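S.K.: First, the structure itself, so that you have it in front of you.
Okay, here's the thing in structure tokens:
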């Protein structure tokens, strides 16, 4: 049910019950104002939650990346303990393969946690979108309500003018009744004076103006005056309440218009927060994709064959690694440089370049690169 339909359901007509309409509008404003304040509070809370969400995701990803890359460095150090680069790892100390297995597990765990952070940031983005839609609707409803209140206020003012005209009509009726009463009294006095002057008979005058006739006349005049006076009081009361209604509507319009920019800012802010969460999610997603590629590389057969093949696999995954592009984990670049130093330091200057170079295998007269 729309906001407008909810208000129409229990609408109180201002021309019949202005006081009731004031009461109804007051309750509607309390409800609406509560929703506006709640929306603004939710926006501020959402920004805090989003910041916490981004920080938490970054901490989780960075922590796992650190463990993964540190384990990769340990792999290189363990491999460099082997003197012969062509010796099969299966024939060496079991601890070397255990170090490799640990590295694989670390990168698998990092990929797993990165995937979870993508879901968490996605949930925050979805929440921002929902709140943005709700606040946008609230903003439109508030603007629509102000317009309807303006139309109603104009109607109340017109009705108030009608009441003033009706009051003037009642006042004229009362004045007319009093004038008629005064003329009647004056006529009776004139008749009495004439009779008294001509007859000098007080008893006859008393009989002509009996108490019963006077009472009947008074009752009739009172009735004629009572009805317009009663209507005048009713119209005056309604006119006063209409004035209160106009002032109340004006104050509501002022409050809503004052809150309108804040609601609009909150509505746009929710969508901005959504975009921020989506961007953060995409960043983690790229890290996750890079980790999957790294995991695939270190799970390849060459990673567990010989020392040099394992080192080549490490150098290749560093070359293909997308996590460094995000800049979220500077330690990745540091580990890469440290690995280069370790290899060149142990195997001699230029060892890294040699390991990166394509392998040449001589088959009779043909040279094959792979």
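In full-length UniProt numbering, the protein residues as written are 1 to 370. We treat Cβ as the ideally placed atom computed from N, Cα and C, and that holds for glycine. All values derive from a computational prediction rather than experimental measurement.
Could you check how far apart the C-beta atoms of residue 239 and residue 139 are, in whole angstroms? I think they sit under 8 Å.
M.R.: In fact, because the Cβ distance is near 36 Å, the residues do not count as touching under 8 Å.
S.K.: Can you find the residues in the same chain that come closer than 7 Å, C-beta to C-beta, to residue 47, ignoring five residues on each side of it along the sequence?
M.R.: The residues are 273.
S.K.: Go ahead and pull the three-state DSSP assignment for residue 135.
M.R.: Helix at residue 135.
S.K.: With residue 42 and residue 295 assumed to form a contact (beta carbons below 8 Å), what rounded beta-carbon distance in angstroms separates them?
M.R.: Residue 42 to residue 295, Cβ: 39 Å. No contact.
S.K.: Could you please give the first and the last residue of the uninterrupted alpha helix (DSSP H) stretch that includes residue 32?
M.R.: Residue 32 -> alpha helix (DSSP H) spans 18 to 79.
S.K.: Here's a check: name, in chain order, each residue in its chain whose Cβ is nearer than 8 Å to the Cβ of residue 267, leaving out the five neighbours to either side.
M.R.: These residues qualify, in order along the chain: 132, 135, 136, 138, 139.
S.K.: Would you be able to state if there are at least three C-beta pairs under 8 Å between the stretch 50 to 59 and the stretch 104 to 123?
M.R.: Contact between the stretch 104 to 123 and the stretch 50 to 59 is present, because at least three Cβ pairs lie under 8 Å.
S.K.: Residues bridged to residue 88 by DSSP?
M.R.: According to DSSP, residue 88 bridges with 306.
S.K.: How is residue 82 classed by DSSP in three states: helix, strand or coil?
M.R.: In this structure, residue 82 counts as coil in the three-state DSSP scheme.
S.K.: Residue 281 and residue 121 - do their beta-carbons sit closer together than 7 Å?
M.R.: Against a cut-off of 7 Å, the Cβ pair of residue 281 and residue 121 comes out as a contact.
S.K.: When the distance is taken between beta carbons, is residue 246 closer than 7 Å to residue 14?
M.R.: Cβ distance not < 7 Å, so residue 14 and residue 246 don't count as in contact.
S.K.: In chain order, what residues of the same chain lie with their CB nearer than 7 Å to the CB of residue 229, ignoring the 5 residues before and after it?
M.R.: For residue 229, where only same-chain residues beyond five positions count, the Cβ hits under 7 Å are 174.
S.K.: Select from 242, 343, 278 the residue whose C-alpha is nearest the C-alpha of residue 22.
M.R.: Residue 242 is the option with its Cα nearest to residue 22.
S.K.: For the alpha helix (DSSP H) holding residue 93, just list the boundary residues, first then last.
M.R.: Unbroken run through residue 93: none, as it is neither H nor E.
S.K.: Indicate whether the contact test is met: 3 or more Cβ pairs, each with one atom in the stretch 80 to 91 and one in the stretch 304 to 315, closer than 8 Å.
M.R.: With a cut-off of 8 Å, the stretch 304 to 315 and the stretch 80 to 91 count as touching, because enough Cβ pairs lie within range.
S.K.: Measuring only the C-alpha atoms, how far is residue 369 from residue 53?
M.R.: Annotation note: pLDDT 43 at residue 369 (below 50); position unreliable, coordinate value reported separately. C-alpha separation (whole angstroms): 49 Å.
S.K.: Can you look up residue 105 in the DSSP assignment and give me helix, strand or coil?
M.R.: In the structure shown, residue 105 sits in a helix (DSSP, three-state: H, G or I).
S.K.: Please work out which residues of its chain come closer than 7 Å, Cβ to Cβ, to residue 363, disregarding the five sequence neighbours upstream and downstream, and give them in chain order.
M.R.: Reliability fails at residue 363, whose pLDDT of 43 lies under 50, so the model's placement of it is uncertain and the value that follows must be treated cautiously. Around residue 363: no qualifying Cβ.
S.K.: Kindly give me the distance between the Cβ atoms of residue 339 and residue 314, rounded to whole angstroms, as I take these residues to be in contact under 8 Å.
M.R.: Their Cβ separation, rounded to whole angstroms, is 7 Å, which keeps residue 339 and residue 314 in contact under 8 Å.
S.K.: Whose C-alpha, out of 34, 16, 66, is nearest the C-alpha of residue 332?
M.R.: Nearest C-alpha to residue 332: 66.
S.K.: According to DSSP, is residue 14 part of a helix, a strand, or is it coil?
M.R.: Coil at residue 14, not helix or strand.
S.K.: Short check: CB of residue 129 to CB of residue 235, under 7 Å?
M.R.: Cβ distance not < 7 Å, so residue 129 and residue 235 don't count as in contact.
S.K.: Find out if the Cβ-Cβ distance for the pair residue 256, residue 69 is shorter than 7 Å.
M.R.: No, Cβ-Cβ distance for residue 256 and residue 69 is not below 7 Å.
S.K.: From the DSSP output, in three-state form, read off residue 365 for me.
M.R.: Since pLDDT at residue 365 reaches only 44, below the 50 mark, its modelled position is unreliable, and no value is offered.
S.K.: Using a Cβ-Cβ cut-off of 7 Å (strictly less than) and excluding sequence neighbours within five positions of residue 72, which residues of its own chain qualify?
M.R.: Closer than 7 Å at the Cβ level, and outside the excluded window around residue 72, lie 103, 314, 335.
S.K.: If you drop the 5 nearest sequence neighbours on each side, which residues of the same chain put their C-beta closer than 8 Å to that of residue 35?
M.R.: Counting only Cβ-Cβ distances below 8 Å, and skipping sequence neighbours, we find 138.
S.K.: Would residue 83 be called buried (16 or more neighbouring beta carbons within 10 Å of its own) or exposed?
M.R.: Exposed: under 16 other Cβ atoms inside 10 Å.
S.K.: Which residue comes first and which comes last in the alpha helix (DSSP H) that contains residue 351?
M.R.: 351 to 356 is the extent of the alpha helix (DSSP H) around residue 351.
S.K.: Classify residue 388 as buried or exposed, calling it buried when 16 or more other Cβ atoms lie within 10 Å of its own Cβ.
M.R.: No answer is possible for residue 388: it lies beyond the span of the chain, which begins at 1 and ends at 370.
S.K.: Shortest alpha-carbon distance to residue 317 belongs to which of 355, 349, 283, 344?
M.R.: Looking at the Cα atoms, 355 is the closest of the given residues.
S.K.: Answer yes or no: do residue 78 and residue 99 have a C-beta to C-beta separation smaller than 7 Å?
M.R.: Against a cut-off of 7 Å, the Cβ pair of residue 99 and residue 78 comes out as a contact.
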